[in-house]
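As structure tokens, the structure follows; a few thoughts come after it.
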Amino acid sequence: QLEGTNYNSFPQFVKQVEAIVGDQGLDTLINNAGIAITTLLDSVTAEDMLKNFEVNSVAPLMLTKALLPLLKVSAPIRKTAVINISSGQGSIARTNHTPPNPWRSMYPYRTSKTALNMITKCLAVDLKPYGIHVISMSPGHLKTDLGGPTAPLEVSTGVSGVLNVIKTQITDDVLVT
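Each residue of the sequence shown is one higher than the last, beginning at 3 in the working numbering.
As structure tokens, this is what we get:
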């Protein structure tokens with residue numbers, strides 16, 4: 003287990019992963035940790051924004067960077083991918099949906115996922131020469147600590163969807179979706 007914002011622990015974590023994957027490298031990194039601070043304009047604080055950005059945007063980038071040497075080892079051998087778990091709530095276009103999106107003003111969460119999507123696009127460009135695929139995807143609104151007990155989808159549905167995308171949709175022709 004890794005505390006995603008304890009960047010000083012990353013070198014030890016990389017060593018642990020390296021001990022597991024050996025000379026084959028790491029073929030799949032799924033950046034799934036996240037929080038949802040959902041405050042409206044009248045109550046949002048800088049601390050809310052920064053905490054959500056650190057967990058949902060900065061930490062996945064820093065972890066990918068730390069594990070990049072292991073991903074580079076894997077890429078010449080087999081399909082290698084970084085999957086950033088995002089959210090449809092990170093979509094700028096969905097802000098003005100009719101009927102109104104009840105999440106429309108949840109500044110910390112939504113903007114952190116938008117930032118993660120841009121980080122994904124940047125990583126896809128930077129890592130393409132190494133043969134490392136990078137995508138963002140949303141598994142849907144799942145019954146998790148973040149999604150809550152009334153979410154419409156079971157975790158198993160989301161996991162199956164993510165694994166299916168990794169298995170069938172990530173090709174040399176499709177680096178970012």
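Just so you know, even glycine gets a beta-carbon here, dropped at the ideal spot from N, CA and C. Predicted, not measured: the structure shown is a model, and the values here were computed from it.
For the stretch 12-43, the full-length beta strand (DSSP E) segments reaching 3 residues or more read 30-33 along the chain.
From the listed residues Leu118, His135, Asn119, the smallest Cα separation to Ala126 is found for His135.
Between Ile94 and Thr40, the alpha-carbon positions lie close to 16 angstroms from each other.
Here the stretch 6-17 makes no contact with the stretch 82-93; the two share fewer than three CB pairs at distances below 8 angstroms. The beta carbon of Leu118 lies closer than 7 angstroms to those of Asn58, Ser59, Pro62, Asn86, Ser88, Gly92, Ser138 in the same chain, with the five residues before and after it left out. Contact annotation: Tyr109 and Leu52 have beta-carbon atoms that are not nearer than 8 angstroms.
Taking C-beta atoms as the reference points, Leu69 and Leu129 fail to come closer than 8 angstroms.
Counting of Cβ neighbours within 10 angstroms places Arg80 among the exposed residues, the total staying below 16.
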